[in-house]
Amino acid sequence: MFLLPLLLCIGCSEQQPHYTIGVSQCSADIWREKQNSELRMGAYLRNDVDLLFAAAYDSDERQVQQIDSLLRIGIDLLIVAPNQVQTISPAIDRAYDSGIPVIVFERKTNSEKYTAFISADNYEMGKVMGEYVAHRLNFQGRVLEVMGLNGSSPAIDRHRGFTDALCQYPGIEIVDTLQGDWTEQSAYLATQLWLEQQPAAVDFVFGQNDRMAMGARRAYIEKGERASGKNPKLPYFCGIDGLPGEGGGIQLVRDSILDATYIYPTHGDRLLDLAVSILEDKPYEKEVRLMSALVTQENARVILMQAEETLRQTDYLDRLHERTDHYLRQLDTQRIISGMFFGVIALLIITLVLLYRYHLRKIAMQKERVVNTLWNMKPEDMPNRPETATQPVESEQEPTDEADENEPAAISFFITRFKEVVESRLENSDVSVEDLAADMNLSRVQLYRKVKSITGSSPVELLRSARLKRAYQLLITTDMSVSEVAYAVGFTAPSYFTKCFKEEYGMVPGEARG
Ligand code: FRU
């Protein structure tokens, strides 16, 4: 009973079923961080999902190890952005073959072993950016491309889209394609090296993401400053990702640092919805294409305003989330405290009940002892012996209220008197319970209740046992025949006397004589 309230408290906070989802990210950067926090928010709102995140920091080896250890831990579903197509696919296959659903997102695997794929179209993105660059240069100019990690599918697809778009314009020349690895530093170093080796004039630099566009730009600025001092003339730069917020791609476009970017949607919320639909056996699309948009000088301001509004809302939700967590923690503590409180109360009640029952038992035993002792005592040894058995008792001698009646002294008094009354009427076979009651100054019913409650036997039973006891004494102390004894103690039929005697003493009267 003590544990029951606690168990109830714990029980009611349980949610079923509960899913553990592993998220294997190829990299750790602001784009991934945004996506992870959207996933976290989605999981927080659902309350039946645990997320286990792993970030491989652009290392194939690390990502393979991380996927394998997520499988060992025991996840219900794997979400994975493979660092490179070839290298991670075997680990993804292993996950799929182990029987758990696998969602590949944003970067592709080269195998068919996945449950769903969700991404924006990287080929389309490269193509739109190529068209934009061609138009911006009025179909005449020189373009440099800085690619992302060469084995990753977005780098391959964006490159294909970009070159497919530009090859339609003979006035546009892609002077070179440099190799980066999605980081700012890789693009900076590759561009710096290229600028040192072939200082050919370039009108537009396409970094396959905003960070790399900014890395290439840094290399250009440094080179220009060395050559012509402050504010060197720079080519246009464009990238992909278009993150909102301070220093994000949209702001860079608004501030004319980048000329354009393309929003590469993170949509952690949709990723989580897809995962849960799969886990709950609900219908879902195997290939989900996320929509996106080009950000240019024309629309950057509006998009940024909207993005900032969304950020404010997200921030607001984050704070709400923290506050709710705080309240929930408080609630949990209160629940435990009240559980313990009720437990202690229950324990106290049980202890009191047990003590009370023990007390009652003790009183009953005391009563029994008193009654037995008194009933078996010789008349001359009895305490509070009334003057004569038949003499009515003075009313002030009688216990007056219920409580007094239960006092050992009152019981002793009553039994002593009742014994006197019984013994004085013993020989009289006509004596009835009414006669005994009248002698005790009680009604028949009152006498019955009182005798029964004190001794557990009825007045008639006590009268009979007193007769039998007297008979026993007569049998062993006199020469009276069994019939004489039977009549002497108030029995009208010797056969009935023998029967009762046998019941009381386990032997027939003759045997009592030895
Ligand atoms: C983030 C990122 C993005 C890029 C994408 C390509 O990790 O590098 O900047 O658009 O991955 O997969």
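Numbers 509 to 1022, taken from my numbering, label the letters of the sequence shown in order. Glycine included, C-beta positions come from ideal geometry on N, C-alpha and C. These numbers were taken from a predicted model, which means no experiment stands behind them.
Contact set for L812: own chain, Cβ-Cβ below 8 Å, skip 5 residues either direction = If you number the sequence shown from 1, residue 812 lands on position 304. P752, I758, Q759, R762.
Complete beta strand (DSSP E) runs within the stretch 745-786 (minimum length 3 residues, chain order) | 768-770
Alpha carbon to alpha carbon, how far is I587 from A708?
-> Translated into positions along the sequence shown, residue 587 becomes position 79. Translated into positions along the sequence shown, residue 708 becomes position 200. Distance between the alpha carbons of I587 and A708 is about 44 Å.
Identity of the residue in A663, V953, T774 nearest I626 by Cα | By 1-based counting over the sequence shown, the position of residue 626 is 118. Cα-wise, what sits closest to I626 is T774.
Range covered by the beta strand (DSSP E) that runs through R933 | In the sequence shown, residue 933 corresponds to position 425, counting from 1. Note, R933: premise wrong, no beta strand (DSSP E); alpha helix (DSSP H) at 916-933.
What is the DSSP secondary structure of F1009, counted as helix, strand or coil?
-> Against the sequence shown, residue 1009 aligns to sequence position 501. Residue state, collapsed to three classes: helix.
Which term fits C746, buried or exposed, when burial requires 16 or more other beta carbons within 10 angstroms of its beta carbon?
-> Here residue 746 is taken as the residue at index 238 of the sequence shown, counted from 1. Under this definition C746 is a buried residue.
Report, in whole angstroms, the separation of the C-beta atoms of I748 and Y770, which I expect to be a contact under 8 Å.
-> Within the sequence shown, numbered from 1, the residue matching residue 748 stands at position 240. Within the sequence shown, numbered from 1, the residue matching residue 770 stands at position 262. That belief holds up - the Cβ atoms of I748 and Y770 are roughly 5 Å apart, short of 8 Å.
Please go through the same chain and pick out, in chain order, the residues whose beta-carbon is closer than 7 Å to the beta-carbon of N884, but skip the five residues on each side of it.
-> Taking the sequence shown and counting its residues from 1, one reaches residue 884 at position 376. Cβ within range, chain order: n/a, list empty.
If G723 and Y696 are in contact, beta carbons under 8 Å, what's the gap, nearest whole angstrom?
-> If you number the sequence shown from 1, residue 723 lands on position 215. If you number the sequence shown from 1, residue 696 lands on position 188. Sure, about 4 Å apart at Cβ, within 8 Å.
What number of angstroms, rounded off, separates the C-alpha of R548 from the C-alpha of V796?
-> Counted from its first residue, the sequence shown places residue 548 at position 40. Counted from its first residue, the sequence shown places residue 796 at position 288. If I take the Cα positions, the gap works out to 21 Å.
Whose C-alpha, out of Q592, H643, Y640, is nearest the C-alpha of S619?
-> Position 111 of the sequence shown, counted from the start, is the residue given in the question as residue 619. Of the candidates Q592, H643, Y640, the one whose C-alpha sits nearest the C-alpha of S619 is Q592.
When DSSP labels each residue in this structure, what does E788 get in the three-state scheme?
-> For the purposes of this step, residue 788 is taken as residue 280 along the sequence shown, with counting starting at 1. DSSP places E788 in coil when its eight states are reduced to three.
Under the three-state reduction of DSSP, which class applies to Q687: helix, strand or coil?
-> The count along the sequence shown starts at 1 and reaches residue 687 at position 179. Correct three-state label for Q687: strand.
With T804 as the anchor, note down where its beta strand (DSSP E) starts and where it stops.
-> On the sequence shown, residue 804 is found 296 positions in, with the first residue counted as 1. From DSSP, the beta strand (DSSP E) with T804 extends over 802-804.
Opening and closing residue of the beta strand (DSSP E) in which T528 lies = Locating residue 528 in the sequence shown gives position 20, counting from the first residue. That run of the beta strand (DSSP E) goes 527-533.
Looking only at its own chain, which residues have a Cβ that is under 7 Å from the Cβ of E806, when we skip the five neighbours before and after it?
-> Translated into the one-based positions of the sequence shown, residue 806 becomes position 298. Hits under 7 Å: none found.
Based on Cα-Cα distance, which residue from H526, V810, R725 lies nearest to K741?
-> Taking the sequence shown and counting its residues from 1, one reaches residue 741 at position 233. Taking only the C-alpha atoms, the option nearest K741 is R725.
Of all the options T986, V997, Q533, I581, which has the alpha carbon lying nearest to the alpha carbon of S567?
-> As a working mapping, residue 567 is identified with position 59 in the sequence shown. Of the candidates T986, V997, Q533, I581, the one whose C-alpha sits nearest the C-alpha of S567 is Q533.
Run through DSSP, which three-state label would G634 get?
-> Sequence index remark: in the sequence shown, residue 634 carries index 126 (1-based). Note: G634 maps to helix in three-state DSSP.
In its own chain, which residues sit with a C-beta less than 7 Å from the C-beta of D629, not counting the 5 before and 5 after it?
-> In the sequence shown, the residue the question calls residue 629 occupies position 121. Excluding sequence neighbours, D629 sits near R797.
Might you give, ordered along the chain, the residues of its own chain that have their beta carbon closer than 6 Å to the beta carbon of R540, omitting 5 neighbours on each side?
-> Locating residue 540 in the sequence shown gives position 32, counting from the first residue. Cβ within range, chain order: Q533.
If you measure from the CB of Y631, is any heavy atom of the ligand FRU nearer than 8 Å?
-> Locating residue 631 in the sequence shown gives position 123, where the first residue counts as 1. It does not: the Cβ of Y631 is nowhere closer than 8 Å to a heavy atom of the ligand FRU.
Look up P1017 in the DSSP assignment and say whether it is helix, strand or coil.
-> Position 509 of the sequence shown, counted from the start, is the residue given in the question as residue 1017. The answer is helix: DSSP assigns P1017 an H, G or I state.
Which residues in the same chain as V803 place their Cβ atom closer than 8 Å to its Cβ, once the five residues preceding and following it in sequence are excluded?
-> Sequence index remark: in the sequence shown, residue 803 carries index 295 (1-based). G750, G757, I758, V761, A768, T769, Y770, I771, I811, listed in sequence order.
Cβ-Cβ distance between D777 and E546 below 9 Å = Start at 1 with the first residue of the sequence shown, and residue 777 comes out as number 269. Start at 1 with the first residue of the sequence shown, and residue 546 comes out as number 38. In this structure, E546 lies closer than 9 Å to D777 by Cβ.
Around the Cβ of Y640, are there at least 16 other Cβ atoms within 10 angstroms (buried) or fewer (exposed)?
-> Sequence index remark: in the sequence shown, residue 640 carries index 132 (1-based). Flag for Y640 reads buried.
Separation of A815 from S661, as counted between CA atoms | Residue numbering aside, residue 661 sits at position 153 when the sequence shown is read from its first letter. Residue numbering aside, residue 815 sits at position 307 when the sequence shown is read from its first letter. Going by the C-alpha atoms only, they are around 27 Å apart.
In the DSSP assignment, find the unbroken alpha helix (DSSP H) run with V990 in it and report its ends.
-> Position 482 of the sequence shown, counted from the first residue, corresponds to residue 990. Looking at the DSSP string, the run of the alpha helix (DSSP H) that includes V990 is 990-996.
C-beta atoms of P598 and K616 nearer than 9 Å = Here residue 598 is taken as the residue at index 90 of the sequence shown, counted from 1. Here residue 616 is taken as the residue at index 108 of the sequence shown, counted from 1. Not closer than 9 Å, so no.
Assigned secondary structure, G607 (DSSP; H/G/I helix, E/B strand, else coil) = For the purposes of this step, residue 607 is identified with residue 99 of the sequence shown, where counting begins at 1. Reduced to three states, the DSSP call for G607 is coil.
Whose C-alpha, out of P967, N936, V654, D938, is nearest the C-alpha of V951?
-> Here residue 951 is taken as the residue at index 443 of the sequence shown, counted from 1. Position check: residue 951 holds Ser in this sequence, whereas Val was assumed. Closest option to S951, Cα to Cα, is P967.
Distance, Cα to Cα, I581 vs T623?
-> If you number the sequence shown from 1, residue 581 lands on position 73. If you number the sequence shown from 1, residue 623 lands on position 115. Straight-line Cα distance between these residues: approximately 20 Å.
The alpha helix (DSSP H) enclosing G669, as first and last residue numbers = On the sequence shown, position 161 is the one that residue 669 refers to. Element bounds for G669: 661-674.
heavy atom of the ligand FRU below 8 Å from S660 C-beta = Locating residue 660 in the sequence shown gives position 152, counting from the first residue. Indeed, a heavy atom of the ligand FRU lies less than 8 Å from the Cβ.
Q954 and A945: beta carbons closer than 9 Å?
-> Here the question's residue 954 lines up with position 446 in the sequence shown. Here the question's residue 945 lines up with position 437 in the sequence shown. Yes, the pair counts as a contact, with Cβ atoms nearer than the cut-off.
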